[in-house]
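Data first, discussion second: the structure below is written as C-alpha cells.
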C-alpha cells in the first residue's frame, strides 16, 4: 500500500505503464516446460507438443493409472484384454482471442492491475503460439489495437508494444468483442470487469469454443484499508469520496461480493470460466489453474 | 460530605479532554485510486464524506467507560458527620420535686443543673414528663415545669421507663435500680410542712415525729346549681374526710360542683354494678376540658369532670338497682380525680431527707454515633464495565 498511498490530491492512477520483470522470459520458459511436461503425462487428448484435442485418429498408447476411463478404447480392451487410450490429432489450428482491458481503471495499484494483465496476456500468447495456435490480441488504450500472431516469432513485436502501452483508455473490455467472429475460437479476456455488463460475455460464450474471464483487482480494491481514505475515481475527475471506519468499508465489500456472485452465476450458466486474480499474483498461477486450454 | 480516596486520579479526567480532541480530530486521509468507485456508499454532497455508521454512540460509550474508570480510581466516597446520640430525660414532676432544695431552688431546678454536668455535650437531650410515659419528648425544657407540679400527680411508674438511652431525673435513689436506663437523684434535706388533709384541718409535719392539725390553709368546696341530694351528701362526706371546707367569698375552690336548673327528662344511668333512674335537665352542656364523663342510656352526657370541677345535669335520682357501694366508689373516684390537691401538700414520705446519687451513663452514649462512609468506586467500576460492553456491542453491531 505504501507505494500507492499518496497524501493529498492524487495526480492520476500510479501504475498506468507496465514494466517487464527482469526474469520474465525465464519464467515463461519454465512455465512452458511445466505445462508441456504435464501434458505429456496427462490425458490423451493433447500431444506432448501441446496440440489440443482433435478428431483424427493417430494411434494407441497404454492406459495410465489415473486417466479418464472415458478415453479408453473399449473394443481394443475387449479384444486384447489390456487398456489402451486412443490418440487423436487436432483437426486444425486452435484460434485464440486474447482481450486486454487497457482502460484507466487498470492503472490502479501498485501492484498494478495493468502490469498483471500485460504479463498474463503476453504469457498466454507466448504459450499458445509455442503450441501452434493462432492468436489475436486486442486491447484498447486510447485507441483499439489488434494484432494477429501466427508464429512464435510474432510474439516479440507484441511484447515490445505492450510494455510501451499505458492503461489510459475509457472503453470497457466487452467493446473489444465488436466486429470479431467468435465461432470456434477460444477467448481469454483479462480486466477488472468494472462498469462491465455481463450480457456481451454470455453471448460470446455461446458462440465461442471457450470463454475465460480473468478479473484482476488491486490490493486496495480487494481489501480496502480501514483508516481514513480519500478515494479518487481512476477514470473520472471529481471530488474524492472520503471514507473512515468499518461502516462504508462493509458496504463496499458487500456490494463487491454481490457483483462477483452475479458474474460467477452468469458464467456458470453458459460454461464460461471466471478466474479471480489479484494484481501482483504471479501469472503462472492463473495459467496453471485455468482450464481454458493451457 | 463528599471526598476522594485518591484525588490525584482526577487529573486523568483533565487529560481526557485534550485526548478526546486529539483522537477525535479528522485524520488526514491517504489518497488512493480505485476502479471500484461505484461500490463505495454515496457521500455527502457538501463534504464528500461517506457518513460513518453509528460513530458517536460507540465513541461516547468508550470514553464514558474511561471516565467512569478514572472516577472509580479516584475513589469517591461520601462521609457522614458523626451524629450525636439522643438521650431522653424522664423528669419526675411529682410534688416532692418542687420542695425547696436550697438557695431558692427547688429539687427540680437543682436536678436540672446537675443534669447538665451529668450529660456530655455530645448527646442530644430530649425531655419528657415521667408521669406520662406516652408523652412525646421535647427538645426544650418546658418552662411551665419550673412553676408547679402536675396536679394530683403521683410518683412516676419508673418500671415502664427502663429503656436504653433513658435518664431518670428524680429526687431519690430508685427503689429498684434500672437495668437499662441511667438515673440521677438530686437528694435533698427534709422539708417539714403540710402533708395531707383530714377531718378538721390540715395535717402538718413539724419535723421528727411531730405533727399537728391546723385549720388554716384548708382547701374549699363550692357548689353551684342543683345536685341530687344523695350525690351531694356523698361528696360532702368525701370532702370532710380530706379537710375541705365550704368556700367563702372569692376563694379559689379545690373542687367546684357545677349543677343545672331542675330537669324534667327521665332516663337510666347504667354503670358497672348498678343502674340508677335519673331525672335530668335537657340542653345543658359540660364545661370544656373535661377529663371524663358519664352518659345515660341514650348516650347523652349527664356527668363530666375536669381539673377542679365536677359537672352534672342530673337533678334527681330514683331508687337504684344493684350495689350502692359500687355507685359510691364510682362517684368518689371521680372526685379524687377532679379536685386540685393543694400544691403545698406533699406526703410525709416525700418530705423526708433524700440521699443524692447517680448511675454512670453508658460509655457509648458519650461517643458520637459514627456512620461509615459510603464508597462509590465499586459501583463506578461496574458501570464502566457495562458501558464498555455496550460500546463493544455497538462496534460489533
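Chains as they are written, first to last, in the working numbering: chain A, 172 to 465; chain B, 2 to 398.
Glycine included, every Cβ here is placed at the ideal spot set by N, Cα and C.
- With 16 or more neighbouring CB atoms inside 10 Å of its own CB, residue 362 (chain A) falls in the buried class.
- Rounded to whole angstroms, the separation of the alpha carbons of residue 64 (chain B) and residue 388 (chain B) is 9 angstroms.
- Contact check for residue 4 (chain B) against residue 382 (chain B) fails: the beta carbons are separated by 9 angstroms or more.
- Contact residues of the region 412-432 of chain A toward chain B are 412, 413, 414, 415, 416, 418, 419, 422, 423, 426, 427 (C-beta to C-beta distance below 7 angstroms).
- Taking CB atoms only, residue 62 (chain B) has no neighbour in chain A less than 9 angstroms away.
- Using a Cβ distance threshold of 9 angstroms, residue 165 (chain B) and residue 190 (chain B) do not count as a contacting pair.
- With contacts defined as CB atoms closer than 9 angstroms, residue 304 (chain A) and residue 199 (chain A) fail to qualify as a contacting pair.
- Taking a C-beta distance under 9 angstroms as the contact criterion, residue 100 (chain B) and residue 352 (chain B) qualify as a contact pair.
- The residues 360, 445, in chain order, have a CB closer than 6 angstroms to that of residue 384 (chain A) in the same chain once the five nearest residues on each side in sequence are set aside.
- Contacts with chain B at 9 angstroms (Cβ-Cβ) include residue 366 (chain A).
- At a Cβ-Cβ threshold of 9 angstroms, residue 274 (chain B) and residue 335 (chain B) do not count as neighbours.
- Against residue 200 (chain A), chain B offers no close residue; the least beta-carbon distance is about 33 angstroms (beta-carbon pairs closer than 8 angstroms).
- CA-CA distance, residue 37 (chain B) to residue 365 (chain A), rounds to 7 angstroms.
- The region 252-270 of chain B makes contact with the region 224-243 of chain B: 3 or more CB pairs, one atom from each, lie closer than 8 angstroms.
- A:292 is the residue among A:391, A:292, A:314, A:399 whose C-alpha sits nearest the C-alpha of residue 358 (chain A).
- For residue 395 (chain A), at least one C-beta of chain B is nearer than 9 angstroms to its own C-beta.
- Burial is judged here by how many other beta carbons sit within 10 angstroms of a residue's own beta carbon; residue 287 (chain A) has at least 16 and is buried.
- Residue 390 (chain A) is positioned such that its CB atom lies closer than 9 angstroms to that of residue 450 (chain A).
- Within the region 123-195 of chain B, the complete beta strand (DSSP E) segments at least 3 residues long are 125-130, 167-171, 183-186, listed from N- to C-terminus.
- Within the same chain, Cβ atoms closer than 7 angstroms to the Cβ of residue 247 (chain A) are found at 231, 255, the five residues on either side in sequence being excluded.
- In its chain, beyond the 5 residues on either side, 64 have a beta carbon closer than 7 angstroms to the beta carbon of residue 21 (chain B).
- Boundaries of the alpha helix (DSSP H) around residue 338 (chain B): 325-339.
- Contact between residue 251 (chain B) and residue 270 (chain B) does not hold, since their C-beta atoms are separated by about 34 angstroms, which reaches or exceeds 8 angstroms.
- Comparing alpha carbon positions, the residue from B:67, B:2, B:31 closest to residue 15 (chain B) is B:67.
- A direct Cα-Cα distance of roughly 22 angstroms separates residue 373 (chain B) from residue 122 (chain B).
- For a cut-off of 8 angstroms, the C-beta gap from residue 184 (chain A) to residue 345 (chain A) is around 21 angstroms, too long to register as a contact.
- Residue A:334 holds the alpha-carbon nearest to the alpha-carbon of residue 310 (chain A) among A:250, A:252, A:334.
- In the structure shown, residue 292 (chain A) adopts helical secondary structure according to DSSP, grouped into three states.
- Residue state for residue 287 (chain A) is assigned as helix, using DSSP reduced to three classes.
- Under DSSP, residue 332 (chain A) takes part in no beta bridge, so it has no partner.
- In this structure, DSSP gives residue 228 (chain B) a state outside helix and strand, which the three-state scheme calls coil.
- Annotated three-state conformation of residue 186 (chain A) is coil, per DSSP.
- Taking 9 angstroms as the CB threshold, residue 287 (chain A) stays off the interface with chain B.
- If you draw a 10 Å sphere on the C-beta of residue 196 (chain A), you find fewer than 16 other C-beta atoms in it, and that means exposed.
- Assigned with DSSP and collapsed to three states, residue 258 (chain B) falls in strand.
- Relative to the Cα of residue 349 (chain B), the nearest Cα in the group B:209, B:145, B:75, B:31 belongs to B:209.
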